[in-house]
Ligand SMILES: Nc1ncnc2c1ncn2[C@@H]1O[C@H](COP(=O)(O)OP(=O)(O)OP(=O)(O)O)[C@@H](O)[C@H]1O
Ligand SMILES: [Mg+2]
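Protein chains in written order, with our numbering: chain P, 1 to 274; chain F, 275 to 638.
Shown next as structure tokens:
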């Protein structure tokens with residue numbers, strides 16, 4: 001009907017896409033340039049020569065970069081699994097068991113997550129040192145799980161609130177207990193909520209920097225963001241290696257997001273309608 | 275099968291009383307309907323019987339056994355929910371079989387029972403489908419089937435038909451009636467639809483604001499409403515009410531020229547009464563055909579509406595507005611003068627303050 005506002009909308013969308021994608025595109029292009037191309041002036045837009053050198057050299061010369069990505073993956077998967085399990089159970093208990101102080105607890109959980117993680121670092125470090133958790137996957141997974149649990153509980157509790165409670169009551173009348181209702185009824189019905197929440201937690205964990213920096217001090221245990229940013233160059237900053245490693249580090253997240261894209265959008269808007 | 279006894283059962287949410295304590299004895303095989311407007315505590319009462327809501331006061335007995343602290347699944351009750359509450363991710367068969375599976379019944383026996391009930395309800399072609407692929411009526415049948423399969427002692431229904439369209443509702447109502455006739459299982463049925471209540475019930479419990487207003491057969495609550503609320507709630511269109519003031523041995527209807535003789539039925543020590551008469555208990559005559567008598571009054575037709583078989587007349591009976599229900603053929607039109615006969619035996623009278631019927635003391 002009215003063309004003008006539509007045009008404005010498209011322009012805005014295009015602008016925001018360009019702005020948010022520019023660094024990523026630049027990163028990807030850089031990973032295909034050689035050293036001369038990276039430092040060329042005026043800047044080179046299209047890699048010339050277009051080279052796969054950097055990728056080959058990462059696999060042959062800097063396998064530790066691949067190790068970082070593997071570490072990130074292990075920590076991310078572990079964190080996601082633990083937060084979904086614990087967060088799912090607590091969110092269900094808080095939203096459905098009719099506990100007296102459920103509302104107060106929910107606000108309390110939110111309040112705890114207001115602390116900046118950096119302020120927890122000294123005491124966390126000391127305790128992890130005492131328990132021998134420094135430089136272990138278990139340690140960082142626990143730290144990340146603690147960090148992201150409040151978010152998980154809130155996301156899942158608001159998802160459970162959208163499920164009709166009568167289905168669970170019918171299950172109770174049929175003879176199911178709390179855990180069985182959760183596993184066989186609630187879990188399958190809130191699958192999109194779990195996928196969306198899990199994905200966000202995975203990405204948070206993948207990108208988390210301060211805790212990963214302090215709790216994983218051995219080179220072999222570093223996660224991708226930390227390892228890549230600390231990657232040493234001999235004479236100059238090795239842009240080509242770093243950009244290539246970063247591209248490789250983004251790929252797993254992109255692939256997972258693409259697979260679950262439908263559920264994320266469904267999950268994030270599930271509370272909105274009906 | 276079992277009887278259900280509510281012994282001073284009541285429910286409070288903190289300081290809020292949802293259901294005031296009351297007694298009720300439901301006989302084995304009885305079809306009892308809980309009827310009342312929204313928020314009157316029908317669902318709360320049913321859910322206490324189901325075990326989904328804790329009981330604040332009193333004892334609940336099913337089959338002579340106190341079940342206050344017993345799990346819903348062990349009470350021998352099965353419930354049909356308003357929004358069906360089927361398991362969306364399970365097939366119709368699995369929905370119906372769930373309770374039996376949880377009881378660890380052998381597979382062959384489960385299949386036999388579920389197939390039998392599905393056959394009875396005409397659900398056999400849909401057993402493999404998910405609930406989303408069924409119509410509203412079919413879903414409600416699955417919900418009923420799920421309850422039947424368990425062979426409970428007591429059926430509980432919470433407005434099971436209110437999500438269906440009018441035609442289907444009538445059909446399902448008759449099916450439920452037939453089902454009850456065949457199985458004879460004690461049933462407790464919540465509705466705010468008086469037609470459902472009148473047609474299905476052996477006895478009706480009418481609730482208002484968390485309080486029991488009357489317990490009686492459909493006939494009793496229609497013929498002898500115990501309170502003004504019941505009188506207005508049962509019957510459609512609703513009863514005509516008017517305020518009367520005593521003048522000698524007459525009741526002067528306020529703001530009109532209508533004067534009613536204080537017959538034996540209308541004796542009261544109150545200086546004022548609320549009088550009521552149902553639209554179907556007014557007879558309307560053309561002036562020339564009208565009989566003579568103390569209960570025949572002049573009236574004017576304000577509005578005439580044809581409903582089909584019947585017509586509704588908005589009357590002014592000597593200045594008092596009243597609605598009359600008359601035959602749908604040959605009825606007077608708006609603006610015409612008529613004569614109206616009130617059946618004195620069908621007049622109801624209520625204390626204006628308490629709303630209690632002046633007849634009910636004698637009746638109960
Ligand atoms: N959890 C609760 N906390 C406080 N009050 C409640 C709660 N649940 C119900 N009530 C109150 O109890 C009263 C009875 O509710 P109930 O659900 O039994 O009504 P109903 O007769 O079934 O109405 P409807 O026809 O709308 O379903 C209502 O006034 C309601 O506000
Ligand atoms: Mg209700």
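Every residue, glycine too, gets a C-beta built ideally from N, C-alpha and C.
Where residue i meets chain F, residues with beta-carbon distance less than 7 Å
| i | result |
| --- | --- |
| residue 192(P) | Near residue 192(P) there are no residues of chain F at all, since even the closest Cβ is about 12 Å away, more than 7 Å. |
| residue 53(P) | None at all; the shortest Cβ gap to chain F is about 51 Å. |
Nearest-angstrom Cα separation, counted from residue j out to residue i
| i | j | result |
| --- | --- | --- |
| residue 294(P) | residue 220(P) | With chain P covering 1 to 274 only, the question about residue 294(P) has no answer from this structure. |
| residue 179(P) | residue 253(P) | 32 Å |
| residue 149(P) | residue 7(P) | 42 Å |
| residue 638(F) | residue 495(F) | With a pLDDT of only 43 at residue 638(F), under the threshold of 50, the placement of this residue in the model should not be trusted; the figure read from the coordinates follows. Spanning the two alpha carbons is a distance of roughly 12 Å. |
| residue 209(P) | residue 225(P) | 7 Å |
| residue 550(F) | residue 616(F) | 11 Å |
| residue 289(F) | residue 94(P) | 23 Å |
| residue 488(F) | residue 412(F) | 35 Å |
| residue 169(P) | residue 625(F) | 43 Å |
| residue 257(P) | residue 106(P) | 29 Å |
| residue 491(F) | residue 476(F) | 6 Å |
| residue 343(F) | residue 331(F) | 12 Å |
| residue 35(P) | residue 363(F) | 56 Å |
| residue 271(P) | residue 97(P) | Below a pLDDT of 50, predicted positions are generally treated as unreliable, and residue 271(P), at 45, falls in that range; no measurement from the model is reported. |
| residue 539(F) | residue 619(F) | 7 Å |
| residue 472(F) | residue 485(F) | 20 Å |
| residue 242(F) | residue 516(F) | No answer is possible for residue 242(F): it lies beyond the span of chain F, which begins at 275 and ends at 638. |
| residue 124(P) | residue 231(P) | 25 Å |
| residue 306(F) | residue 320(F) | 11 Å |
| residue 292(F) | residue 433(F) | 18 Å |
| residue 528(F) | residue 514(F) | 14 Å |
| residue 555(F) | residue 598(F) | 8 Å |
| residue 468(F) | residue 587(F) | 22 Å |
Proximal chain P residues relative to residue i, where beta-carbon distance stays under 8 Å
| i | result |
| --- | --- |
| residue 404(F) | Result: empty, since nearest Cβ-Cβ is about 12 Å, beyond 8 Å. |
| residue 357(F) | 164, 166 |
| residue 352(F) | 173 |
Residue i - DSSP class collapsed to helix/strand/coil
| i | result |
| --- | --- |
| residue 294(F) | strand |
| residue 588(F) | strand |
| residue 355(F) | coil |
| residue 83(P) | helix |
| residue 596(F) | strand |
| residue 631(F) | strand |
| residue 482(F) | strand |
| residue 139(P) | helix |
| residue 610(F) | coil |
| residue 342(F) | coil |
| residue 638(F) | Caution applies to residue 638(F), whose pLDDT of 43 falls short of 50 and renders its modelled position unreliable; the value that the coordinates give is listed next. Three-state result, residue 638(F): coil. |
| residue 126(P) | helix |
| residue 12(P) | helix |
Neighbour list for residue i in chain F, Cβ cutoff strictly below 8 Å
| i | result |
| --- | --- |
| residue 96(P) | Neighbours of residue 96(P) on chain F: none; closest Cβ ~12 Å, over 8 Å. |
Enclosing alpha helix (DSSP H) for residue i [first to last residue]
| i | result |
| --- | --- |
| residue 385(F) | 381-394 |
| residue 557(F) | Careful: residue 557(F) lies outside any alpha helix (DSSP H), inside the beta strand (DSSP E) at 556-559. |
| residue 517(F) | Premise fails: residue 517(F) lies in the beta strand (DSSP E), 514-521, not in any alpha helix (DSSP H). |
| residue 570(F) | From DSSP, residue 570(F) is part of no alpha helix (DSSP H) but of the beta strand (DSSP E) over 570-580. |
Residue i: contacting residues in chain P (beta-carbon distance under 7 Å)
| i | result |
| --- | --- |
| residue 362(F) | 189 |
| residue 372(F) | 174 |
| residue 324(F) | 173 |
| residue 434(F) | By Cβ distance, chain P contributes nothing, its closest Cβ being about 12 Å from residue 434(F), past 7 Å. |
| residue 376(F) | 174, 175, 176 |
Interface flag, residue i vs chain C, CB-CB below 8 Å
| i | result |
| --- | --- |
| residue 185(P) | Absence of chain C from the displayed structure is noted, the protein chains being P and F. |
Interface partners of residue i on chain P, CB under 9 Å
| i | result |
| --- | --- |
| residue 347(F) | 172, 173, 174, 175, 176 |
Start and end residues, beta strand (DSSP E) containing residue i
| i | result |
| --- | --- |
| residue 461(F) | 460-465 |
| residue 546(F) | 546-551 |
| residue 624(F) | 622-624 |
| residue 525(F) | 524-527 |
| residue 497(F) | No beta strand (DSSP E) holds residue 497(F); the alpha helix (DSSP H) holding it covers 492-497. |
| residue 663(F) | No statement about residue 663(F) is possible, as the shown extent of chain F runs from 275 to 638 and does not include it. |
| residue 214(P) | From DSSP, residue 214(P) is part of no beta strand (DSSP E) but of the alpha helix (DSSP H) over 210-215. |
Point to revise | the segment 363-383 of chain F / the segment 327-345 of chain F touching (three or more Cβ pairs under 8 Å) | key: no
Review point. Three or more C-beta pairs closer than 8 Å, one from the segment 238-251 of chain P and one from the segment 23-30 of chain P: is that the case here?
Key: yes
Practice item. Examine the Cβ distances between the segment 536-550 of chain F and the segment 581-595 of chain F and report whether three or more of them are shorter than 8 Å. Key: no
Practice item. Could you say if the segment 191-208 of chain P and the segment 387-398 of chain F meet the contact criterion of at least three C-beta pairs nearer than 8 Å? Key: no
Check your understanding: Between the segment 55-70 of chain P and the segment 128-137 of chain P, do at least 3 Cβ pairs fall closer than 8 Å?
Key -> Verdict: no, contact absent.
Exercise for review: Would you check if there are 3 or more beta carbon pairs closer than 8 Å linking the segment 416-433 of chain F to the segment 454-461 of chain F?
Suggested key: Pairwise C-beta distances place the segment 416-433 of chain F in contact with the segment 454-461 of chain F, as three or more of them are shorter than 8 Å.
Point to revise | Given 8 Å, three or more beta-carbon pairs between the segment 177-191 of chain P and the segment 112-119 of chain P | key: no
Check your understanding: Do three or more CB pairs link the segment 155-169 of chain P to the segment 342-358 of chain F at distances below 8 Å?
Key -> yes
Check your understanding: Taking three-plus beta-carbon pairs below 8 Å as touching, is the segment 275-284 of chain F in contact with the segment 293-310 of chain F?
Key -> Contact holds: three or more Cβ-Cβ distances are below 8 Å.
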